[in-house]
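According to the working numbering, the stretch in the sequence shown is residues 39 to 271, in order.
Before any comments, here is the structure.
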Amino acid sequence: MQEEIEQEIETLGYIYTPEELEIEGNVVKITFQVPEHELEFQLVFTLHEEYPRELPQLEIHGLEEEDAQVLMEEARNVGNESLGMAMIFNIASALKDKIDQVITDRLQREEEEREREKERLELEEQKRFEGSKVTRDTFLAWQKSFIQEAYDLQKKGQPLIQSQLAALAVDQMGKHKGDKLTGRQLFEKDTSLAKTDMQYVDEGEVVQVDASLFENLDDLDDDNHVLDHLTED
Numbered sequence: 039m040q041e042e043i044e045q046e047i048e049t050l051g052y053i054y055t056p057e058e059l060e061i062e063g064n065v066v067k068i069t070f071q072v073p074e075h076e077l078e079f080q081l082v083f084t085l086h087e088e089y090p091r092e093l094p095q096l097e098i099h100g101l102e103e104e105d106a107q108v109l110m111e112e113a114r115n116v117g118n119e120s121l122g123m124a125m126i127f128n129i130a131s132a133l134k135d136k137i138d139q140v141i142t143d144r145l146q147r148e149e150e151e152r153e154r155e156k157e158r159l160e161l162e163e164q165k166r167f168e169g170s171k172v173t174r175d176t177f178l179a180w181q182k183s184f185i186q187e188a189y190d191l192q193k194k195g196q197p198l199i200q201s202q203l204a205a206l207a208v209d210q211m212g213k214h215k216g217d218k219l220t221g222r223q224l225f226e227k228d229t230s231l232a233k234t235d236m237q238y239v240d241e242g243e244v245v246q247v248d249a250s251l252f253e254n255l256d257d258l259d260d261d262n263h264v265l266d267h268l269t270e271d
């Protein structure tokens with residue numbers, strides 16, 4: 039058997055260049071370039087005493103583990119068809135021919151996985167901005183939170199936007215309903231409602247507040263009217 043191994047190794051020397059083939063006793067190393075993917079890989083065959091009646095030991099270096107596993111399976115298939123004969127060249131040629139498609143298929147799967155993950159993230163992001171159905175209870179909960187936030191900003195001396203000012207005015211009107219204050223009277227009484235908006239004005243400018251805008255706030259008898267009034271805007 040050793041003579042057959044030596045004859046096969048000698049034949050390989052005529053097939054491959056010195057850059058591709060390296061011989062160390064019964065160990066045959068064949069290196070291939072894959073220019074399409076800018077890499078090289080090496081096949082390391084160990085020809086034991088039972089070769090070629092049994093498959094040689096094979097190691098594959100320089101590839102992704104997934105790609106190497108595919109080539110190992112191909113090597114077993116080709117080798118089993120060549121048992122009893124010299125098979126190093128047949129196996130090496132089959133793997134060289136197959137590697138480009140193996141890498142291309144893997145890269146395509148990875149790209150498809152990235153696209154699926156991108157779509158999943160975009161869908162999750164879209165769901166974050168989808169509004170939920172508004173009921174009386176959800177509106178009242180939101181209104182309470184919105185008014186409390188406006189009060190907190192007012193206490194900190196931070197500027198309020200128009201909708202926050204209106205919400206505070208309506209809330210104050212409800213608290214003083216027994217006093218029969220009109221919206222205009224409430225606005226004139228609670229000057230902090232005007233002062234918060236003054237913080238938006240550049241220093242030196244004069245702002246006139248039309249108190250008549252608040253005269254109709256007494257008509258907002260309940261929370262449903264508040265909702266209608268706010269959504270009309």
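All C-beta atoms, glycine included, are put in the ideal place defined by N, C-alpha and C.
This structure is a prediction, so every number in the text was calculated from the model and none was measured.
Residue burial classification, residue i (beta-carbon count within 10 angstroms, cutoff 16)
i: M123; result: exposed
i: L159; result: exposed
i: F79; result: buried
i: I43; result: buried
i: Q202; result: buried
i: I98; result: buried
i: Q40; result: exposed
i: L121; result: exposed
Limits of the alpha helix (DSSP H) - the one that residue i falls within
i: V65; result: Where V65 is concerned, there is no enclosing alpha helix (DSSP H), although the beta strand (DSSP E) it sits in stretches over 65-72.
i: I199; result: Segment: none, I199 is in no alpha helix (DSSP H) and carries neither H nor E.
i: A124; result: Segment: none, A124 is in no alpha helix (DSSP H) and carries neither H nor E.
i: T49; result: 40-53
Residues bridged to residue i [DSSP beta-bridge criterion]
i: Q186; result: None; Q186 has no bridge partner.
i: A84; result: Checking the sequence shown, residue 84 turns out to be Thr, not Ala. In DSSP, T84 forms a bridge with V65, Q95.
Residue i - DSSP class collapsed to helix/strand/coil
i: E60; result: strand
i: L77; result: strand
i: T173; result: coil
i: G100; result: coil
i: E168; result: coil
i: K194; result: coil
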